[in-house]
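Worksheet: the structure to be examined is printed underneath.
In the UniProt record's numbering, the protein residues as written are 1 to 373.
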């Protein structure tokens, strides 16, 4: 067990612990790009969400259309605005190309995300080995390939980690900022209100329901909803439809439904020639997630477990396992609980190798456009 450090020292340790796996992740994804080929080594990185986020950022930076695709105005409203807004701001300040800034922004935040996971693991377990392995897993979980692309995962991951760090230490200001921004970063950002509420109740009980701690807890809990509400209000003003981001999300061209029975998905993929690789990788990620969730129950606070359970449920019930690996890879408590559970080096090393192999396979399926990512 290691003694607590200051926040800056904790962050430096986290950045050091994350650097090597961060580099390995980039090598793996770029190896997939080389295998796919066509249009240059980096062209596969522009697949799926990357393309649309760059399009949004270009529109924001240069006064073009925003949230518009071939379906018309508002067609991209389900791509939440915070990531492209940040990149557009960088473009206005630096005058550098938006695609370059998108990848620079996402890659830098991916590194920071791993560092914050390291900080969380150290604070919750006081174990340096667990924290180091958590940092590795943050970059090398199968779905973490999205951290190398122009997705919102790096920013959303940083905000989720900051929110957990803040609510665990009753840092109300930090929690409000992280929660507000998380609500603007992705559709599931509002779910951070669940651990926020859990911690708020715990803090209120400890303070014998004194008014100030209760109000602070409510503010921390409400912040993700306020962030989401701000974006929905914008959609109502701009497009006349406040629910548009979510109605698009469950349309037939996107997720298709809020949830789908995973056994129905398995049956569908079994009956679809050529989809065997999607089924195998998705089931492997689900099994890893089940072990991680089981570990959360006994090793981490209830607020972590509650959020992890809901996020995992959304991942495995995604129709046709669309984006399931990256949903699971973004569950911060899993990244801490698995290293804490797997203590033996002789188990951890094969487990890490399996993750690397799965990461290559999942990235290949996504960037070759065989599986929606």
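Beta carbons are placed, not taken as given, at the ideal position from N, Cα and C, and that holds for glycine.
Nonlocal neighbours in the same chain, by C-beta distance under 7 Å from residue 120, ignoring five residues either side: For this step, residue 120 is matched to residue 120 along the chain shown. The answer, listed in chain order, is 161, 164, 165, 332, 336.
Residue range of the unbroken alpha helix (DSSP H) whose run includes residue 348: Within the chain shown, numbered from 1, the residue matching residue 348 stands at position 348. Counting along the chain, the alpha helix (DSSP H) containing residue 348 begins and ends at 345-367.
Own chain partners of residue 237 with C-beta closer than 7 Å, once the 5 adjacent residues on each side are dropped: Taking the first residue of the chain shown as 1, we reach residue 237 at position 237. Counting only Cβ-Cβ distances below 7 Å, and skipping sequence neighbours, we find nothing.
Given residue 197 as reference, the closest of 168, 319, 187, 184 once Cα atoms are compared: Numbered from its first residue, the chain shown carries residue 197 at position 197. Closest option to residue 197, Cα to Cα, is 168.
Of the residues 352, 61, 302, the one placed nearest residue 83, counting alpha carbons only: Against the chain shown, residue 83 aligns to sequence position 83. Answer by Cα proximity: 61.
Beta carbon of residue 291 nearer than 8 Å to that of residue 338: For the purposes of this step, residue 291 is taken as residue 291 along the chain shown, with counting starting at 1. For the purposes of this step, residue 338 is taken as residue 338 along the chain shown, with counting starting at 1. A contact, by the Cβ cut-off of 8 Å.
C-alpha distance - residue 175 paired with residue 39, whole-angstrom precision: Mapped onto the chain shown, residue 175 falls at position 175. Mapped onto the chain shown, residue 39 falls at position 39. When rounded, the distance between both Cα atoms is 43 Å.
Buried or exposed (CB count within 10 angstroms, at least 16 for buried), residue 209: Locating residue 209 in the chain shown gives position 209, where the first residue counts as 1. Exposed, because fewer than 16 other Cβ atoms sit within 10 Å of the Cβ of residue 209.
As assigned by DSSP and simplified to three states, the class of residue 102: The count along the chain shown starts at 1 and reaches residue 102 at position 102. Looking at residue 102 - three-state DSSP - the assignment turns out to be helix.
Exposure label - residue 267; buried when at least 16 CB within 10 Å: Residue numbering aside, residue 267 sits at position 267 when the chain shown is read from its first letter. Exposed, by the Cβ-count rule.
Inter-residue Cα distance where the pair is residue 171 and residue 275: For the purposes of this step, residue 171 is identified with residue 171 of the chain shown, where counting begins at 1. For the purposes of this step, residue 275 is identified with residue 275 of the chain shown, where counting begins at 1. So the two alpha carbons sit approximately 46 Å from each other.
Same chain, Cβ closer than 6 Å to residue 28, five either side skipped, listed in chain order: Position 28 of the chain shown holds residue 28. Taken in chain order, the residues that qualify are 359, 360.
Unbroken stretches of the alpha helix (DSSP H), 4 residues or longer, contained in the region 87-138: 98-125
Contact under 8 Å by Cβ, residue 286 with residue 145: Within the chain shown, residue 286 is the residue found at index 286, counting from 1. Within the chain shown, residue 145 is the residue found at index 145, counting from 1. Not closer than 8 Å, so no.
Own chain, CB closer than 7 Å to residue 203, minus 5 neighbours either side, in chain order: Residue numbering aside, residue 203 sits at position 203 when the chain shown is read from its first letter. The answer, listed in chain order, is 170, 213, 217.
C-beta atoms of residue 224 and residue 307 nearer than 8 Å: In the chain shown, residue 224 corresponds to position 224, counting from 1. In the chain shown, residue 307 corresponds to position 307, counting from 1. No.
CB contact flag (residue 181, residue 227, <8 Å): The count along the chain shown starts at 1 and reaches residue 181 at position 181. The count along the chain shown starts at 1 and reaches residue 227 at position 227. Cβ atoms of residue 181 and residue 227: closer than 8 Å.
Sufficient close CB pairs (3 or more, under 8 Å) joining the region 183-190 to the region 49-65: no
Cut-off 8 Å between Cβ atoms - residues of its own chain near residue 53, not counting five sequence neighbours on either side: The residue given as residue 53 occupies position 53 in the chain shown. Correct list, in chain order: 79, 83, 84, 87, 102, 150, 151, 152.
Span separating the alpha-carbon of residue 129 from that of residue 135: If you number the chain shown from 1, residue 129 lands on position 129. If you number the chain shown from 1, residue 135 lands on position 135. Approximately 10 Å between the Cα atoms of the pair.
Exposed unless 16 or more other CB atoms sit within 10 angstroms - verdict on residue 322: To locate residue 322, count along the chain shown from 1; it is residue 322. It counts as buried.
Segment limits, alpha helix (DSSP H) that includes residue 171: One-based indexing of the chain shown puts residue 171 at position 171. No alpha helix (DSSP H) holds residue 171; DSSP gives it neither H nor E.
Candidates 31, 21, 99, of which the one nearest residue 59 by Cα: Working through the chain shown from its first residue, we reach residue 59 at position 59. Residue 59 has its Cα closest to that of 99, out of 31, 21, 99.
Simplified DSSP state of residue 238, which is helix, strand or coil: Position 238 of the chain shown, counted from the start, is the residue given in the question as residue 238. Of the three classes helix, strand and coil, the one that applies to residue 238 here is helix, per DSSP.
Which of helix, strand or coil DSSP assigns to residue 47: In the chain shown, residue 47 corresponds to position 47, counting from 1. Reduced to three states, the DSSP call for residue 47 is coil.
CA-to-CA distance, residue 138 to residue 311, given in whole angstroms: Position 311 of the chain shown, counting from 1, holds the residue named residue 311. Position 138 of the chain shown, counting from 1, holds the residue named residue 138. The straight-line gap from Cα to Cα measures roughly 16 Å.
Cα-Cα separation between residue 270 and residue 260, rounded to whole angstroms: As a first step, residue 270 must be located in the chain shown, where it is residue number 270. As a first step, residue 260 must be located in the chain shown, where it is residue number 260. Going from the Cα of residue 270 to the Cα of residue 260 covers about 16 Å.
Residue 272 in three-state terms, based on DSSP: If you number the chain shown from 1, residue 272 lands on position 272. Here residue 272 sits in coil by DSSP.
Spatial neighbours of residue 341 in its chain, beta-carbon cut-off 6 Å, leaving aside the 5 residues before and after: Counting from 1 along the chain shown, the entry for residue 341 is found at position 341. Closer than 6 Å at Cβ, skipping near neighbours: 295.
Nonlocal neighbours in the same chain, by C-beta distance under 8 Å from residue 125, ignoring five residues either side: Along the chain shown, read from residue 1 onward, the residue named residue 125 stands at position 125. Taken in chain order, the residues that qualify are 131, 299, 336, 340.
Start-to-end residues for the alpha helix (DSSP H) that takes in residue 338: Position 338 of the chain shown, counted from the start, is the residue given in the question as residue 338. That run of the alpha helix (DSSP H) goes 332-341.
Which of helix, strand or coil DSSP assigns to residue 301: As a first step, residue 301 is located in the chain shown; it is residue number 301 there, counting from the start. If DSSP states are grouped into helix, strand and coil, residue 301 belongs with coil.
Local Cβ density within 10 Å of residue 282, reported as buried at 16 or more and exposed below that: Taking the chain shown and counting its residues from 1, one reaches residue 282 at position 282. The residue is buried, with at least 16 neighbouring Cβ atoms inside 10 Å.
Exposed unless 16 or more other CB atoms sit within 10 angstroms - verdict on residue 245: Locating residue 245 in the chain shown gives position 245, counting from the first residue. The residue in question, residue 245, is buried, as its Cβ has 16 or more Cβ neighbours within 10 Å.
Residue nearest to residue 17 in terms of C-alpha spacing, selected from 133, 278, 240: In the chain shown, the residue the question calls residue 17 occupies position 17. Taking only the C-alpha atoms, the option nearest residue 17 is 133.
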